[in-house]
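To start, the structure itself, in structure tokens.
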Amino acid sequence: MKFTIILERDEEGRYVAECTDLPGCMSEGDTAEEAIQHINEAIPGCITSRLRVAAGSVHLPPVDRTVTISLDISGPTYA
Numbered sequence: 001m002k003f004t005i006i007l008e009r010d011e012e013g014r015y016v017a018e019c020t021d022l023p024g025c026m027s028e029g030d031t032a033e034e035a036i037q038h039i040n041e042a043i044p045g046c047i048t049s050r051l052r053v054a055a056g057s058v059h060l061p062p063v064d065r066t067v068t069i070s071l072d073i074s075g076p077t078y079a
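Anchor point for the sequence shown: position 11 equals 11 in the working numbering, and the numbering is continuous, going up by one each time.
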């Protein structure tokens, strides 16, 4: 997946990275490279958090068996 990232400097000179495809998913760093590294680490966390919230709002009728669904997003990410 590819995400749109906006990289800006704040008034203190730090770099702020924002993933516009995931509102509220932001990170920062002392350098542009550090901010990009941090947002690449934050994106999977934002997605995982949203999936957990969404899963909690899904109400399924009881079934006689257990179904396990897993999603592995631990691989490399690129912004």
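For each residue, glycine too, the CB sits at the ideal point set by N, CA and C.
Quick one: residues in its chain with C-beta nearer than 6 Å to the C-beta of residue i, no 5 flanking neighbours on either side, listed in chain order?
i	result
T4	T20 and D21
S49	none
Within a Cβ cutoff of 7 Å, which residues of the same chain sit near residue i, ignoring the five residues on either side of it in sequence?
i	result
D10	V16
A42	C25 and S27
Quick one: what's got a C-beta closer than 8 Å to residue i's C-beta in the same chain, skipping five residues either side?
i	result
H38	A17, S27, E28 and G29
T52	The identity of residue 52 in the sequence shown is Arg, whereas the question assumes Thr. Excluding sequence neighbours, R52 sits near nothing in its chain.
With distances taken Cα to Cα, identify the nearest neighbour of residue i among the options.
i	options	result
T31	E12, P44, P23 and G45	E12
K2	R14, E33, E34 and P44	P44
Are the CB atoms of residue j and residue i within a distance shorter than 9 Å?
i	j	result
K7	I47	Sequence check: residue 7 is Leu here, not Lys. No, the Cβ-Cβ distance between L7 and I47 is not below 9 Å.
For the stretch 33–73, which segments carrying the beta strand (DSSP E) assignment without a break, of at least 3 residues, lie completely within its bounds, in sequence order? none
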